[in-house]
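Before any comments, here is the structure.
There are 2 protein chains.
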Amino acid sequence: MNPDATDRTILRLLQSNSQLTIKEIASRINLSITPVHDRIRKLEREGFIDRYVALLNRRKLGKSLIVFCNVTLDKQRKESFEEFNETVARLPEVLECSVVSGNFDYLLKVVADDVEGYNTFYQQNLSVLKSVLHISSFFVMSEVKSTTELPI
Amino acid sequence: MNPDATDRTILRLLQSNSQLTIKEIASRINLSITPVHDRIRKLEREGFIDRYVALLNRRKLGKSLIVFCNVTLDKQRKESFEEFNETVARLPEVLECSVVSGNFDYLLKVVADDVEGYNTFYQQNLSVLKSVLHISSFFVMSEVKSTTELPI
DNA sequence: GTTGAAACCGGTTGTCT
DNA sequence: AGACAACCGGTTTCAAC
Numbered sequence: 001m002n003p004d005a006t007d008r009t010i011l012r013l014l015q016s017n018s019q020l021t022i023k024e025i026a027s028r029i030n031l032s033i034t035p036v037h038d039r040i041r042k043l044e045r046e047g048f049i050d051r052y053v054a055l056l057n058r059r060k061l062g063k064s065l066i067v068f069c070n071v072t073l074d075k076q077r078k079e080s081f082e083e084f085n086e087t088v089a090r091l092p093e094v095l096e097c098s099v100v101s102g103n104f105d106y107l108l109k110v111v112a113d114d115v116e117g118y119n120t121f122y123q124q125n126l127s128v129l130k131s132v133l134h135i136s137s138f139f140v141m142s143e144v145k146s147t148t149e150l151p152i
Numbered sequence: 001m002n003p004d005a006t007d008r009t010i011l012r013l014l015q016s017n018s019q020l021t022i023k024e025i026a027s028r029i030n031l032s033i034t035p036v037h038d039r040i041r042k043l044e045r046e047g048f049i050d051r052y053v054a055l056l057n058r059r060k061l062g063k064s065l066i067v068f069c070n071v072t073l074d075k076q077r078k079e080s081f082e083e084f085n086e087t088v089a090r091l092p093e094v095l096e097c098s099v100v101s102g103n104f105d106y107l108l109k110v111v112a113d114d115v116e117g118y119n120t121f122y123q124q125n126l127s128v129l130k131s132v133l134h135i136s137s138f139f140v141m142s143e144v145k146s147t148t149e150l151p152i
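Sequences listed follow chains A and B, in order.
Residue 118 in the UniProt record's numbering is what sits at position 118 of the first sequence, and the numbering runs on without skipping anything.
Residue 148 in the UniProt record's numbering is what sits at position 148 of the second sequence, and the numbering runs on without skipping anything.
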């Protein structure tokens, strides 16, 4: 059930590069192919690995801007949260959306081509929502670090 | 140089599931294996695909808490930014770090086991930095959406 | 957990249209 | 640029230790 040190090493390798062959992993951790193969399948089966994905290059694809925005909902309306969650889940520009503690309700991470593109998205998809009371946008000026690798 | 509609379809498929075989992709877009193979290699070579990774399940690995924190630096010290950037890049608990517009300087996304674990991380790694003037932490209470898939 | 073998399948390459 | 065919290498499953 719980991954041992060997399992965690395998997970660490795979979350850094999922194209490593079983052979390569096996040689790095001084095991033969069979147990490495079985461990990976087990980690997948048990849900330690959610999925395998390709990470694309934002800038190459014209998505040069990231904006974080704080959203406060109109809490008088009890449908607000459900409505907002469903809307946001459908918007492909929203990469992340979290309910957070503190002064506002949501923190969103949005990608856009540029400031103008973000403005269009904002006007057409966020500001029109009845459930939304207030939004503050923070533009990312420099991405110091961005990783999907968990510390394990 | 610029990906056409077919390339973008391939990218869309790969960023959703990088384990799709060339065969499967080919049949979905009504092409034979060869052009799909060549296009993927080209997209990799030209940097549209940054890397292939396994996305692990945070909760399964005991990393149940995500905290966003706003950090304001002591701008009197001109070494502050460099110092902070380098420190943060080395901290595995920090998944993302961005310089943002607005009232504070940085927005960090941090993972921890729990509130206590975050407190330890905070005390030992963030609050001790001379470059840091102020930090506000926002705990994620619910993750509505989290994806690595860009809208393309 | 290791080794070795065998079948299978996808990736890779060359050639042709 | 796409289709077809042949080869190579990794994956998968098995047996035996």
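Where is the CB? At the ideal position from N, CA and C, for every residue including glycine.
Taking a Cβ-Cβ threshold of 7 Å, the residues of chain B close to residue 145 of chain A are 88, 89, 94, 96 and 97, in chain order. Between the alpha carbons of residue 116 of chain A and residue 59 of chain A lies a gap of roughly 16 Å.
In this chain, the beta strand (DSSP E) harbouring residue 137 of chain B covers 132–146. At a Cβ-Cβ threshold of 8 Å, residue 40 of chain A and residue 29 of chain A do not count as neighbours. Contacts with chain A (Cβ-Cβ distance below 8 Å) from the segment 21–52 of chain B involve 46, 47, 48, 49, 50, 51 and 52, listed in chain order. In the displayed model, residue 50 of chain A falls within a strand according to three-state DSSP. By the rule that beta-carbons nearer than 8 Å mark a contact, residue 54 of chain A touches chain B. By the neighbour-count definition (other C-beta atoms within 10 Å, threshold 16), residue 132 of chain B is a buried residue. DSSP places residue 66 of chain B in the strand class (E or B) of the three-state scheme.
Look at residue 14 of chain A here: in three-state DSSP terms it is helix. Apart from sequence neighbours up to five positions away, the residues of its chain that approach residue 65 of chain A with a beta-carbon distance below 8 Å are 111, 112, 113, 114, 115, 117, 118, 139 and 140, ordered along the chain. Here residue 124 of chain B is exposed, its C-beta having fewer than 16 other C-beta atoms within 10 Å. For residue 60 of chain B, there is no enclosing beta strand (DSSP E), as DSSP marks it with neither H nor E.
Annotation: residue 119 of chain B has no Cβ neighbours in chain A at a cutoff of 8 Å; minimum Cβ distance is about 14 Å. Neighbours of residue 142 of chain B across chain A, judged by C-beta separation under 8 Å: 98 and 99.
Within the same chain, and ignoring the five residues on either side of residue 8 of chain B in sequence, the residues whose Cβ sits closer than 8 Å to its Cβ are 152. Between residue 65 of chain B and chain A, the shortest Cβ-Cβ separation is not below 8 Å. Taking a beta-carbon distance threshold of 8 Å, residue 135 of chain B does not count as an interface residue toward chain A. Straight across, the Cα-Cα distance linking residue 3 of chain B with residue 48 of chain B is about 9 Å. Distances from the alpha-carbon of residue 129 of chain B to those of B:77, B:57, B:26 and B:1 put B:77 closest. Judged by beta-carbon spacing, residue 38 of chain B lies beyond the 8 Å limit of residue 73 of chain B, meaning their Cβ atoms are not closer than that value. The criterion of a C-beta distance shorter than 8 Å is not satisfied by residue 98 of chain A and residue 16 of chain B. Boundaries of the beta strand (DSSP E) harbouring residue 96 of chain A: 94–100, taken from the DSSP string. In the DSSP annotation of this structure, residue 118 of chain B is not part of any beta strand (DSSP E); the continuous alpha helix (DSSP H) holding it starts and ends at 115–121.
Under the Cβ distance rule, residue 125 of chain B does not count among the residues neighbouring chain A, no pair being separated by less than 8 Å. Assigned with DSSP and collapsed to three states, residue 72 of chain B falls in strand.
Residue 10 of chain B and residue 25 of chain B have their C-alpha atoms spaced approximately 7 Å apart. In this structure, the straight-line span from the alpha carbon of residue 109 of chain B to that of residue 150 of chain A is close to 12 Å.
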